[in-house]
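If you want this note's numbering, it's the position in the first sequence, counting the first as 1, plus 240. Don't be surprised by glycine CBs; every beta carbon is placed ideally from N, CA and C. Worksheet: one structure, shown below.
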Amino acid sequence: MDVRDILTESLRSALGDLGVDPLPTGITIERPANPEHGDWSTNVALTSAKAAGRNPRELGMALAGVLEASPPMHVTAVEVAGPGFVNFRLANSWLHDVLVDVVSAGSDGWATHTVGTGLSVMVEFVSANPTGPLHAGHGRGACYGDSLARLYQRCGHEVTREFYINDRGAQMQLFADSLAAVAGGTDIPEGGYHGHYIREWAAEMPEGADPLEWGYERALADQRRVLESLDIHFDSWFSERSMIDSGAVEEAMSDLRSQDAVYEDDGAIWLRSSDHGDDKDRVLVKSDTEFTYLLPDVAYHRDKFQRADRLVNVWGADHHGYVARMHSAMQALGHDPSELQVAITQMVSLQRGGEEVRLSKRTGEMVELAEVVDEVGTDAARFTYLLLSVDSQQTFDLDLVASQVNENPVFYVQYAHARIDSIVRRAAEAGMERTPLDEVDLSLLGHQRELALLRALHELPDTVLRACRERAPHQVTTWVRELAASFHGFYHDCRVMGDGIDEGLSQARLWLVEGVRIGLVVALDLLGVTAPEEMWREEDGVG
RNA sequence: GCCCCCGUAGCUCAGUCCGGAUCAGAGCAGCGGACUUCUAUUCCGAAGGUCGGAGGUUCGAAUCCUCCCGGGGGCGCCA
């Protein structure tokens, strides 16, 4: 049982004893920033003062009195401070209980949640046009979307990862025309694609191949390959064209008509998106009877709502303006717009050798995502893309991320795991197996380093839940960096085994280290980063 | 002109959604220390701040509201 539940129940009962009515619906227990304020604290006396008809400080004193008379489990002192905060001091036993929880749950069970049980979520991400390779900027949305999916899974949701393929329209045609032009030795059409890959691919294209079909397959295969190299695997690849063939686009249109959500003007068909928060109406069918990108997109989202309870789209910052119109269209079709959440990732700029590299598929100047992965490796790429809030712009420095020296937090975290595995190997070599947990005296864990680790482990379930709710995987990154820092401090100050280390203490520390390993594995897995068994400096060689 | 994101230590960023406690955190850079040890890719210390600015709400604001300044992105019958 989480220590906060113990405290909450005691507080609720104490408030009842004091005749507070109604009891507060939520009692918040926080860890004070200042350790002098105790291990846990509540502001309930401040928030319930009115209902109690007393001033906060007085209510706090009364609460403390009741609680001191029969202290809740682990509690050694109850104090009132400031305007009426009630502060608890606890015996270390509450932290030892955390360790029992962690190792009992294991990496499959610790920091899992059930908030999503029975809810299906479809995370749509990347969804790049099949007109070329993915570039470094796509990497952010790719790693973010995949990590988000992992978070939803850990919180109990049934998750589908989907890639929407824009396999029709003007861009596809330009791409095909560009390929054909290069293959045929003519000029690339205006607005066409000029990237280096166009020349490569045109050279690969067999005689007589349809440039559109062949190019589409070529691009898709390329994109899929780099995503897989990042350990990102989609459950479904959804074709825009397929909705034309299946009549889904026509159905969406007739739905919109029957909802009176469209009208004709200037020979075009418009969506009344301004009725639902967009700043203007949008064209669905152009006056030349071609669809805009929007109509198939509406059909696509309508389709997704048949397949999942919640939709999450990951879009780049350049698409933020489309959020309102898509919400508007979904509302017109009778969906709750809050069930379509759009996460916007801000731009990534690349540096290499101190020079900024511009990303633009059309001018042909770009760094392919595949190059990034080649240069820095999967783990460093993923960790780095997930280092910052996606609300912040990111400068990805290839030289820095590729370097396996200081400055690069991914190695710091992975090294913590490698050290743990090393300890476990050494212990095994010394014939020291962990004895069953219930035979180990965890009360021997009282060093500040040990307690800091246990506090960090206790935070992981909250961090996972918050990261999922706020769609912010970087919070997991922040947490795991802090856990690694605590571990390295522990490693330095507290030997697990060896001269002068009592057998009982060794056992307790072996279990502590196992708990930390579980925390690292859980967090790294949420980020899609591996937890290596060993790491050696290159110049040292292996062994 | 309108919309979105950002502005916190020299640099790069957490913290802001949901306001709390006269220490606002981390990494890196720089300075000074620690290996006869389970991996020094590590650890410890000192230093470093008008939280972009101004008002407002509040017992209390980095956090909420308004305006302003600066940086980035977006505003098509392109996708």
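- With respect to the C-alpha of ASP475, the residue from GLY385, TRP441 and GLU504 having the closest C-alpha is GLY385.
- The straight-line gap separating the alpha-carbon atoms of MET737 and VAL753 is approximately 12 Å.
- Straight through space, the alpha carbons of ARG271 and VAL641 are spaced by roughly 35 Å.
- Look at ASP475 here: in three-state DSSP terms it is coil, with no helix or strand label.
- Excluding the 5 residues flanking it on each side, THR703 has same chain C-beta neighbours closer than 7 Å at GLN715, VAL716 and TRP719, in chain order.
- Judged by beta-carbon spacing, HIS375 lies beyond the 9 Å limit of MET570, meaning their Cβ atoms are not closer than that value.
- Looking at the backbone, the Cα of ASP279 and that of ALA692 are separated by about 12 Å.
- The three-state reading of DSSP puts ALA583 in strand, counting E and B together.
- A distance below 9 Å separates the beta carbons of ASN295 and GLY324.
- Residue state for GLU774 is assigned as coil, using DSSP reduced to three classes.
- Counting along the chain, no beta strand (DSSP E) covers MET412; the unbroken alpha helix (DSSP H) around it starts and ends at 410-424.
- Note that the C-beta distance between LEU335 and HIS698 is below 9 Å.
- Going by C-alpha positions, SER288 is about 15 Å away from SER250.
- Here DSSP, grouped into helix, strand and coil, assigns ASP765 to helix.
- Around ARG550, the same chain offers VAL361 and GLU579 as residues with beta carbons nearer than 6 Å, after the five sequence neighbours per side are excluded.
- Secondary structure at GLU673: coil, using DSSP grouped into helix, strand and coil.
- According to the DSSP assignment, ILE438 belongs to the alpha helix (DSSP H) that extends over 436-444.
- Secondary structure in the stretch 344-404: the beta strand (DSSP E) runs of 3 residues or longer, each lying completely within the stretch, are 360-364 in chain order.
- DSSP, read as helix, strand or coil, puts THR635 in strand.
- Under DSSP, the beta-bridge partners assigned to ASN327 are SER281 and GLU319.
- Taking C-alpha positions only, LEU303 is separated from SER683 by approximately 29 Å.
- Judged by DSSP in its simplified three-state form, GLY556 adopts strand.
- Between LEU391 and ALA620, the beta carbon gap of about 21 Å keeps them out of contact (Cβ cut-off 8 Å).
- ARG542 and GLU690 have their alpha carbons spaced roughly 52 Å apart.
- Relative to the Cα of LYS544, the nearest Cα in the group THR585, SER498, VAL523 and PHE478 belongs to PHE478.
- Between the alpha carbons of MET241 and MET587 lies a gap of roughly 43 Å.
- In this chain, the beta strand (DSSP E) harbouring LEU590 covers 588-592.
- Assignment of VAL597 by DSSP, reduced to helix, strand and coil, places it in the strand class.
- Following the DSSP letters along the chain, one finds ARG622 inside the alpha helix (DSSP H) bounded by residues 618-625.
- A straight-line Cα-Cα distance of about 29 Å links GLY517 and THR400.
- Judged by DSSP in its simplified three-state form, ARG695 adopts helix.
- Taking C-beta separations shorter than 6 Å and ignoring five residues to either side along the sequence, the partners of GLU615 in its chain run LEU638 and ALA642, following chain order.
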